[in-house]
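Participant: Sharing a structure with you now.
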Amino acid sequence: MRTRRPIDEAKATVAVLLLITQQIGKPCPTRNQILAQTGLPKREVWRFMDALHKRGVIEIEEKAIRPGNWRRMRVAGAKWTDWTSRRVKRRRFPLEPPLEPPLEPPLEPQEPLP
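First residue of the sequence shown? That's 383 in this note's numbering, and the numbers climb one at a time after it.
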């Protein structure tokens, strides 16, 4: 059975704070960038970031805009990073409007059962 390597939380916190301050005015750090700086396991990155947010060390603002969520971060009280950059593939041709569903005939009122 594999054992998890211990996480040095203090070291990872300093690495995240440094990464966020370096990204001020630039797109928000991605999970891969955070992973490379902190050495956290892939599955623990957002859990760790959430914990920092709950403790008030960092602030995270998210918008639920497709594709994916847009996010920006800052060290508590400092300047914000820019919103996450997305590499969205552009379509060559505009999308056709969605087909409207066929109208269903209105339901006729039924007489109550005796």
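By construction, the Cβ of each residue, glycine as well, lies at the ideal position given by its N, Cα and C atoms.
Could you check if L400 is buried or exposed, using at least 16 other CB atoms within 10 Å of its CB as the buried criterion?
Facilitator: Label assigned to L400: exposed.
Participant: Rounded to whole angstroms, what is the Cα-Cα separation between T389 and A446?
Facilitator: Note on residue identity: the sequence assigns Ile, not Thr, to residue 389. Cα-Cα distance, rounded: 30 Å.
Participant: Using three-state DSSP, classify T403 as helix, strand or coil.
Facilitator: Here T403 sits in helix by DSSP.
Participant: State the DSSP-derived secondary structure class of R386, mapped to helix, strand or coil.
Facilitator: Coil, per DSSP.
Participant: Do L422 and A460 count as a contact pair if the criterion is CB distance below 7 Å?
Facilitator: No, Cβ-Cβ distance for A460 and L422 is not below 7 Å.
Participant: Quick one: Cα of R387 to Cα of V427, how far?
Facilitator: Near 14 Å, if we compare the C-alpha coordinates of V427 and R387.
Participant: Leaving out the 5 sequence neighbours to the left and right, which residues in its chain are closer than 6 Å to E444 when beta-carbon positions are compared?
Facilitator: So the list reads N451, R453, once near-sequence residues are dropped.
Participant: Give the secondary structure of K445 by DSSP, where H, G and I count as helix, E and B as strand, and everything else as coil.
Facilitator: K445: strand per DSSP, three-state reduction.
Participant: For R456, write down the residues that DSSP places opposite it in a beta bridge.
Facilitator: DSSP, once it has assigned bridges, lists E441 as partnering R456.
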